[in-house]
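Novice: Please read through the structure below; I'll follow up with questions.
Protein chains: 2
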Amino acid sequence: MQIDSALFQENERTAPTADERQFVDVGPFTCEAGGQLANVTVAYETWGTLNADKSNAILACHALTGDAHAIGWWDRLIGPGKPIDTDLYFVIGSNCLGGCQGTTGPTSLHPDGNPYRTRFPMVTVGDMVEVQAKLLDHLGIDKLHAVAGGSMGGMQALEWTVRFPDRVSKAFITASCAAHSAMQIGFNETARQAIMQDPAWNQGFYTDENYPEGGLSVSRMIGHLSFLSDAAFTHKFGRRLQNKSEFDYSFGVEFEVESYLRYQGQKFTKRFDANSLLYVTRAIDYYDCQSLANSRSEYLFVSFTSDWLYPTYQSATMNRLAEEAGRKCRHEIIDLPYGHDAFLLDGEFQGKFVAEFLKA
Amino acid sequence: MQIDSALFQENERTAPTADERQFVDVGPFTCEAGGQLANVTVAYETWGTLNADKSNAILACHALTGDAHAIGWWDRLIGPGKPIDTDLYFVIGSNCLGGCQGTTGPTSLHPDGNPYRTRFPMVTVGDMVEVQAKLLDHLGIDKLHAVAGGSMGGMQALEWTVRFPDRVSKAFITASCAAHSAMQIGFNETARQAIMQDPAWNQGFYTDENYPEGGLSVSRMIGHLSFLSDAAFTHKFGRRLQNKSEFDYSFGVEFEVESYLRYQGQKFTKRFDANSLLYVTRAIDYYDCQSLANSRSEYLFVSFTSDWLYPTYQSATMNRLAEEAGRKCRHEIIDLPYGHDAFLLDGEFQGKFVAEFLKA
């Protein structure tokens, strides 16, 4: 397991710099858990050209805090000549229901004119997929050539094949699972408590000026602890000090890794809504796919040896469900040291597998 | 790797129910980083009988949030007829410098009559060991038969063999390391930020009535995430719901693992001081033992396969340092699924090794 430093640049996971999002209203929506939304707006982007028979569409589903700009967060996989080749395919990215990057979520306006905040109904991975299906209706696409996603995006891709078996031919699911383990739920719950224990959270009814900035930054630090592997942390930071040769013996930043985590936490508070994080983590904790019996899709599952947040055994479980359902499937295990972030950082190895998978 | 449910009871890590602590003033103290303390009080307990030539003393060093009551937190190892046999040995437990269970720390009174809080000087693992040496002076013990500890306690035990090579014959060091990795520092920094981002922390100058309870509870949840393995979490909790058969679809407790983590967090705020957690995590992050060249001790290192917080390679590193120093040493790797908590939960396997090690 070698570390390629050139590859190992930081993934910024940021919103698009040039905003090319489009927006479509898909109307009222009833959530799986019973909640009602008077209207759902979907933020999306597309790349490439839809062919005449509309058979070359690929939906790319983002992870927890991602956005519609799939060509940004998955720049190693999506683009002209890349594994998910926008010269061949019409690629669609959309922000998930409950998110905060353009699609209706807790920061959106309630019909009373104020933001929903925690009046927003609880959403599920199934709800996210239902809203994506309405976007496809709007785009006039009956059937996807493929749905692709990693982490939470992989759970959406899996749900697509169960919920709309006639609307998806292939599913590429990387660094994901059919149901969260207790430890995954535990990490999410700790991140949620970091927010909810911040007095500024105020049961979700904070303002844009006074929001749970401290708790949100800690929740993101917890996330980043789980995104890297021990080997990746050591490679990136070791025990190097931050701009000094000796300890200050203070509670300020001493080690580089502290600076990195604080920076990631603080940056996150400028781009992501605290309530949204509660809703999307809840959605993936609830998700529990126990059978692919009614699927008609072909599957490519990928996992990474150093990913301890979504361990390889979880992809093996999904592959077994696909086998039990009689579906064509394969599970590729990639030995890279980047931890969970490998699904964003690795274009080469999973790229080769997904390029073949899409063409076959 | 089988899970023995009977063994796998929760370790409460609590303070002694019947307080049998003794206290001794060891005088003024100058910390390694330069800070001054007008007086240090040490809280300690002993079990068994010191023999005539004072050659049967064993010092048991506690982990991050432990206390002097070693027979409590290490009840699988210490006691009459147990691996660290109080019928044979005189066992000493003491609370570490900077802690909050009786030994001088940030809650202690400054000479001005108010608690130190963050006016307390930064302490190191070396300082903790120096204070323990003063306790041994008070007890009239020149040389320890052994020093024993896990996690932070193991770092103290290692430091004993370097700092006082003539005062310790054997060192039993379990689930520990010679220096924290970037990931271990990262977990500690995230726990510290959970406290420091709580407005009630107030730069450390909180009161006993208004303290950073929320942040401290989150810091402990982060700790508990790292104490167990994925397999242990799954065995203990799986996806079981907490006293319900269906989801509430709320941000209250849904899953048992959430209840467990919240409970551990809240319980911790009743027994541990937030500033103390900052100081002791800092101390172990600073610790960096690069050589055992001047040691005269014999070593037993133990690690557990499922401990991802203090992985086996770190014990292998310590064992290599001991070999390079020409010391008699062994490293036993125990295949148990309990994660880092194994060093507290396992009496049987490490118990057999340590019993032999102490007698040889």
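Residue numbers (my numbering), protein chains in the order written: chain P, 6 to 365; chain X, 6 to 365. No residue lacks a Cβ here, since even glycine has one placed at the ideal position from N, Cα and C.
Is X/Leu69 helix, strand or coil when you go by DSSP?
Specialist: Taking the first residue of the second sequence as 1, we reach residue 69 of chain X at position 64. DSSP places X/Leu69 in coil when its eight states are reduced to three.
Novice: Can you give me the Cβ contacts of X/Cys66 inside the same chain, cut-off strictly under 6 angstroms, excluding the 5 residues immediately before and after it?
Specialist: As a first step, residue 66 of chain X must be located in the second sequence, where it is residue number 61. Within the same chain, X/Cys66 has close Cβ partners Gly154, Gly158, Gln161, Ala162.
Novice: Applying the criterion that 16 or more other CB atoms from any shown protein chain within 10 Å of the CB defines a buried residue, is X/Arg276 buried or exposed?
Specialist: The residue given as residue 276 of chain X occupies position 271 in the second sequence. The residue is exposed, with fewer than 16 neighbouring Cβ atoms inside 10 Å.
Novice: I'd like to know if the stretch 177 to 189 of chain X and the stretch 214 to 222 of chain X are in contact, where contact means that at least 3 CB-CB pairs between them fall below 8 angstroms.
Specialist: At 8 angstroms Cβ cutoff, the stretches do not touch.
Novice: Examine chain P for any beta-carbon lying closer than 7 angstroms to the beta-carbon of X/Ser186, and answer yes or no.
Specialist: If you number the second sequence from 1, residue 186 of chain X lands on position 181. Yes, its Cβ sits closer than 7 angstroms to a Cβ of chain P.
Novice: Could you tell me the distance, in whole angstroms, from the CA atom of P/Ala20 to the CA atom of P/Leu349?
Specialist: If you number the first sequence from 1, residue 20 of chain P lands on position 15. If you number the first sequence from 1, residue 349 of chain P lands on position 344. Here the model assigns P/Ala20 a pLDDT of 46, short of 50, so the residue's position is not dependable, and the following value carries that caveat. Cα to Cα, P/Ala20 sits roughly 15 angstroms from P/Leu349.
Novice: Please classify P/Tyr94: does DSSP put it in a helix, a strand, or coil?
Specialist: Residue 94 of chain P sits at position 89 when you count from the first residue of the first sequence. Note: P/Tyr94 maps to coil in three-state DSSP.
Novice: Could you run through the stretch 64 to 91 of chain P and flag, in chain order, every residue whose CB is less than 7 angstroms away from some CB of chain X?
Specialist: Flagged: no residues at all.
Novice: Report the three-state DSSP secondary structure of X/Pro120 (helix, strand or coil).
Specialist: Taking the first residue of the second sequence as 1, we reach residue 120 of chain X at position 115. In this structure, X/Pro120 counts as strand in the three-state DSSP scheme.
Novice: Buried or exposed, going by whether 16 or more other CB atoms sit within 10 Å of the CB of X/Gln202?
Specialist: Working through the second sequence from its first residue, we reach residue 202 of chain X at position 197. Buried, by the Cβ-count rule.
Novice: Name the residue from X/Thr108, X/Asn193, X/Glu194, X/Phe95 whose alpha carbon lies nearest to the alpha carbon of X/Gly145.
Specialist: To locate residue 145 of chain X, count along the second sequence from 1; it is residue 140. For X/Gly145, the nearest C-alpha among the options comes from X/Phe95.
Novice: What are the boundary residues of the alpha helix (DSSP H) that includes X/Leu230?
Specialist: Stepping through the second sequence from its first residue, residue 230 of chain X is reached at position 225. Element bounds for X/Leu230: 218 to 232.
Novice: Please identify, using Cβ separations under 7 angstroms, the residues of the stretch 112 to 146 of chain P that lie next to chain X, in order along the chain.
Specialist: Listed by position along the chain: Met127.
Novice: Classify X/Ser281 as helix, strand or coil using the three-state DSSP reduction.
Specialist: For the purposes of this step, residue 281 of chain X is identified with residue 276 of the second sequence, where counting begins at 1. The answer is helix: DSSP assigns X/Ser281 an H, G or I state.
Novice: Rank X/Phe242, X/Arg245, X/Ala48 by C-alpha distance to the C-alpha of X/Asp30 and give the top, closest one.
Specialist: On the second sequence, position 25 is the one that residue 30 of chain X refers to. Nearest C-alpha to X/Asp30: X/Ala48.
Novice: So what's X/Trp206 in DSSP terms, helix, strand or just coil?
Specialist: Along the second sequence, one-based indexing puts residue 206 of chain X at 201. Three-state result, X/Trp206: helix.
Novice: For X/Glu353, I'd like the list of residues in its chain whose CB is within less than 6 angstroms of its CB, leaving aside the five on either flank, ordered along the chain.
Specialist: Position 348 of the second sequence, counted from the start, is the residue given in the question as residue 353 of chain X. Contacts found: none.
Novice: For P/Gly98 and P/Leu326, I'd like the C-alpha separation in whole angstroms.
Specialist: Your numbering for residue 98 of chain P matches position 93 in the first sequence. Your numbering for residue 326 of chain P matches position 321 in the first sequence. P/Gly98 and P/Leu326: Cα-Cα distance of roughly 27 angstroms.
Novice: Work out the CA separation of P/Leu314 and X/Lys148 for me, nearest whole Å.
Specialist: In the second sequence, counting from the first residue as 1, residue 148 of chain X sits at position 143. In the first sequence, counting from the first residue as 1, residue 314 of chain P sits at position 309. So the alpha carbons of these two residues sit roughly 46 angstroms apart.
Novice: Out of curiosity, what's the CA-to-CA distance linking X/Thr35 and X/Ala43?
Specialist: Here the question's residue 35 of chain X lines up with position 30 in the second sequence. Here the question's residue 43 of chain X lines up with position 38 in the second sequence. C-alpha separation (whole angstroms): 9 angstroms.
Novice: State the Cα-Cα distance for the pair P/Val262 and P/Ile227, rounded to the nearest angstrom.
Specialist: Counted from its first residue, the first sequence places residue 262 of chain P at position 257. Counted from its first residue, the first sequence places residue 227 of chain P at position 222. The straight-line gap from Cα to Cα measures roughly 13 angstroms.
Novice: If you measure between the beta carbons of X/Val307 and X/Thr109, is that distance less than 7 angstroms?
Specialist: Residue numbering aside, residue 307 of chain X sits at position 302 when the second sequence is read from its first letter. Residue numbering aside, residue 109 of chain X sits at position 104 when the second sequence is read from its first letter. Contact: no.
Novice: Among the residues of its own chain, which have a CB less than 6 angstroms from the CB of X/Ala57, if the five just before and after it don't count?
Specialist: As a working mapping, residue 57 of chain X is identified with position 52 in the second sequence. Cβ neighbours of X/Ala57 beyond the five flanking positions: none.
Novice: With a threshold of 8 angstroms on Cβ separation, who are the neighbours of P/Glu15 within its own chain once the five nearest residues in sequence on each side are excluded?
Specialist: Sequence index remark: in the first sequence, residue 15 of chain P carries index 10 (1-based). Because the pLDDT at P/Glu15 is just 45, under 50, the model does not fix this residue reliably, and the value given afterwards should be weighed accordingly. Excluding residues within five positions, none has a Cβ falling inside 8 angstroms.
Novice: So which residues of chain P does X/Phe252 contact, with C-beta pairs closer than 9 angstroms?
Specialist: Taking the first residue of the second sequence as position 1, residue 252 of chain X is located at position 247. Chain P residues near X/Phe252: Ala38, Met127, Tyr291.
Novice: Between P/Gly191 and chain X, is any beta-carbon pair separated by less than 7 angstroms?
Specialist: Taking the first residue of the first sequence as 1, we reach residue 191 of chain P at position 186. Yes, P/Gly191 counts as interfacial toward chain X.
Novice: Taking 7 angstroms as the threshold (C-beta atoms), are P/Val258 and P/Ala247 in contact?
Specialist: The residue labelled residue 247 of chain P in the question sits at position 242 within the first sequence. The residue labelled residue 258 of chain P in the question sits at position 253 within the first sequence. Per the sequence presented here, residue 247 of chain P reads as Gln, with Ala not at that position. Taking 7 angstroms as the Cβ cut-off, P/Gln247 and P/Val258 qualify as a contacting pair.
Novice: First and last residue of the alpha helix (DSSP H) that includes P/Ser320?
Specialist: Residue numbering aside, residue 320 of chain P sits at position 315 when the first sequence is read from its first letter. Taken as a continuous stretch (DSSP letters only), the alpha helix (DSSP H) holding P/Ser320 covers 317 to 329.
Novice: Name, in chain order, the residues that DSSP records as bridge partners for X/Lys139.
Specialist: Translated into the one-based positions of the second sequence, residue 139 of chain X becomes position 134. DSSP, once it has assigned bridges, lists no residue as partnering X/Lys139.
Novice: Excluding the five sequence neighbours on either side, which residues of its own chain have a C-beta within less than 8 angstroms of the C-beta of X/Phe260, listed in chain order?
Specialist: Translated into the one-based positions of the second sequence, residue 260 of chain X becomes position 255. Phe242, Arg244, Arg245, Leu246, Gln247, listed in sequence order.
Novice: Rounded to a whole number of angstroms, what is the C-alpha to C-alpha distance between X/Gly103 and X/Tyr284?
Specialist: Taking the first residue of the second sequence as 1, we reach residue 103 of chain X at position 98. Taking the first residue of the second sequence as 1, we reach residue 284 of chain X at position 279. Between X/Gly103 and X/Tyr284, the C-alpha separation is close to 6 angstroms.
Novice: Relative to the C-alpha of P/Lys364, which candidate in P/Ile63, P/Arg26, P/Gly40 has its C-alpha closest?
Specialist: In the first sequence, counting from the first residue as 1, residue 364 of chain P sits at position 359. Nearest of P/Ile63, P/Arg26, P/Gly40 to P/Lys364, Cα basis: P/Ile63.
Novice: Counting only beta-carbon atoms, is X/Gln271 nearer than 7 angstroms to chain P?
Specialist: As a working mapping, residue 271 of chain X is identified with position 266 in the second sequence. Cβ-Cβ to chain P under 7 angstroms: no for X/Gln271.
Novice: Within the continuous beta strand (DSSP E) that includes X/Gly191, where are the two ends?
Specialist: As a first step, residue 191 of chain X must be located in the second sequence, where it is residue number 186. First-last for X/Gly191: 187 to 201, but that is the alpha helix (DSSP H), not the beta strand (DSSP E).
Novice: Kindly indicate which residue of X/Lys175, X/Trp79, X/Thr123 has the alpha-carbon position closest to the one of X/Ser60.
Specialist: Counting from 1 along the second sequence, the entry for residue 60 of chain X is found at position 55. For X/Ser60, the nearest C-alpha among the options comes from X/Lys175.
Novice: Determine, using beta carbons only, whether X/Ile2 comes closer than 7 angstroms to chain P.
Specialist: Absent from the model: residue 2 of chain X. The displayed extent of chain X is 6 to 365, so no value can be given.
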